[in-house]
Amino acid sequence: MSRANYLFTSESVSEGHPDKVCDRISDEIVDLVYREARKGGMDPWKVRVACEVLTTTNRVVIAGEVRVPETLLKKSKNGGHETDATGHPKVNPSKFRSAARKAIRKIGYEQNGFHWKTAKIDVLLHGQSANIAQGVDNAADRQGEEGAGDQGI
Numbered sequence: 046m047s048r049a050n051y052l053f054t055s056e057s058v059s060e061g062h063p064d065k066v067c068d069r070i071s072d073e074i075v076d077l078v079y080r081e082a083r084k085g086g087m088d089p090w091k092v093r094v095a096c097e098v099l100t101t102t103n104r105v106v107i108a109g110e111v112r113v114p115e116t117l118l119k120k121s122k123n124g125g126h127e128t129d130a131t132g133h134p135k136v137n138p139s140k141f142r143s144a145a146r147k148a149i150r151k152i153g154y155e156q157n158g159f160h161w162k163t164a165k166i167d168v169l170l171h172g173q174s175a176n177i178a179q180g181v182d183n184a185a186d187r188q189g190e191e192g193a194g195d196q197g198i
């Protein structure tokens with residue numbers, strides 16, 4: 046295809062842009078999950094982190110589905126783990142908030158409007174759905190490759 050037939054565009058963002066902040070928070074979350082998996086003896090190939098991060102003025106939202114070690118799940122009063130209305134295990138939000146604050150602090154945000162100490166951090170993560178888990182796990186079993194739960198045609 047000749048250059049006359051299409052328009053090429055790309056995005057480039059500078060230091061401190063919300064996209065870069067979200068990427069750093071995402072990295073910190075993945076690091077947290079793998080660190081906890083190693084400590085808890087969880088097979089790293091069983092870990093799943095399908096989450097999105099968004100940020101705006103002094104606020105961060107972390108949302109999605111995860112398969113994480115038990116140390117990152119919210120414990121119930123009866124000794125098990127809390128579940129949401131659909132039966133998915135709830136995560137313990139405090140460790141994910143701490144990971145987000147750590148990333149924001151490392152970047153250097155200590156200003157009015159966005160500060161690692163005062164940012165409101167919403168954690169809307171829950172356990173991976175059985176249907177997605179089955180699709181991802183079965184893809185790996187069938188072809189020796191890792192499946193992707195939110196990708197497909």
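The opening position of the sequence shown corresponds to residue 46 in my numbering, with each subsequent residue numbered one higher. Cβ atoms here follow ideal geometry from the backbone N, Cα and C, with glycine treated the same way.
Sufficient close CB pairs (3 or more, under 8 Å) joining the region 122-140 to the region 56-69
Cβ pair count under 8 Å is below three, so no.
Buried or exposed for Glu56, going by 16 or more other Cβ atoms inside 10 Å?
Residue numbering aside, residue 56 sits at position 11 when the sequence shown is read from its first letter. Classification of Glu56: exposed, given that the 10 Å Cβ count is below 16.
Taking 8 Å as the limit between beta carbons, can you name the residues of its chain near Lys120, skipping five residues before and five after?
Position 75 of the sequence shown, counting from 1, holds the residue named residue 120. Apart from the 5 residues on each side of it in sequence, Lys120 sits with its Cβ closer than 8 Å to the Cβ of His126, Glu127 and Asn137 in its chain, given in chain order.
Residues sharing a beta bridge with Ile74, DSSP
Here residue 74 is taken as the residue at index 29 of the sequence shown, counted from 1. Per DSSP, none; premise fails for Ile74.
Spatial neighbours of Thr163 within its chain, please: C-beta separation below 7 Å, excluding the five flanking residues on both sides.
Taking the sequence shown and counting its residues from 1, the one referred to as residue 163 is at position 118. If we look at Thr163 and ignore the five residues flanking it on each side, its Cβ neighbours are Asn103.
Taking the beta carbon of Gly172 as the centre, do at least 16 other beta carbons fall within 10 Å, making it buried, or is it exposed?
The sequence position of residue 172 within the sequence shown is 127, counting from 1. Counting the other CB atoms within 10 Å of its CB gives Gly172 a total of 16 or more, which places it among the buried residues.
Is the CB-CB distance between Thr116 and Gly85 below 8 Å?
Within the sequence shown, residue 116 is the residue found at index 71, counting from 1. Within the sequence shown, residue 85 is the residue found at index 40, counting from 1. Yes, these two residues count as a Cβ contact at 8 Å.
Jot down the residue ranges of each uninterrupted alpha helix (DSSP H) in the region 75-160, minimum 4 residues, whole runs only, in chain order.
Taken in chain order, the complete alpha helix (DSSP H) segments of 4 or more residues contained in the region 75-160 are 138-152.
Only counting the same chain, and skipping five residues up and downstream in sequence, which positions put a Cβ closer than 7 Å to that of Asp129?
Here residue 129 refers to the residue found at position 84 when the sequence shown is read from its first residue. Once the five neighbours on either side are set aside, the close Cβ partners of Asp129 are Lys135 and His171.
When the Cα of Val78 is compared with those of Thr100, Leu118, Val98 and His160, which residue comes out closest?
In the sequence shown, the residue the question calls residue 78 occupies position 33. Per the Cα distances, Leu118.
Sheet register partners of Gly172 (DSSP bridge)
Along the sequence shown, one-based indexing puts residue 172 at 127. Beta-bridge pairing by DSSP links Gly172 to Val111.
Which residues DSSP lists as bridging Asp167, in chain order
Here the question's residue 167 lines up with position 122 in the sequence shown. Beta-bridge pairing links Asp167 to Val106.
Quick test of your reading: Ala145 and Glu73, contact by CB under 8 Å. State the CB separation rounded to the nearest angstrom.
Position 100 of the sequence shown, counting from 1, holds the residue named residue 145. Position 28 of the sequence shown, counting from 1, holds the residue named residue 73. Ala145 to Glu73, Cβ: 7 Å. Contact.
Do Val66 and Ile149 count as a contact pair if the criterion is CB distance below 8 Å?
Residue numbering aside, residue 149 sits at position 104 when the sequence shown is read from its first letter. Residue numbering aside, residue 66 sits at position 21 when the sequence shown is read from its first letter. Their beta carbons are under 8 Å apart, which means Ile149 touches Val66 by this criterion.
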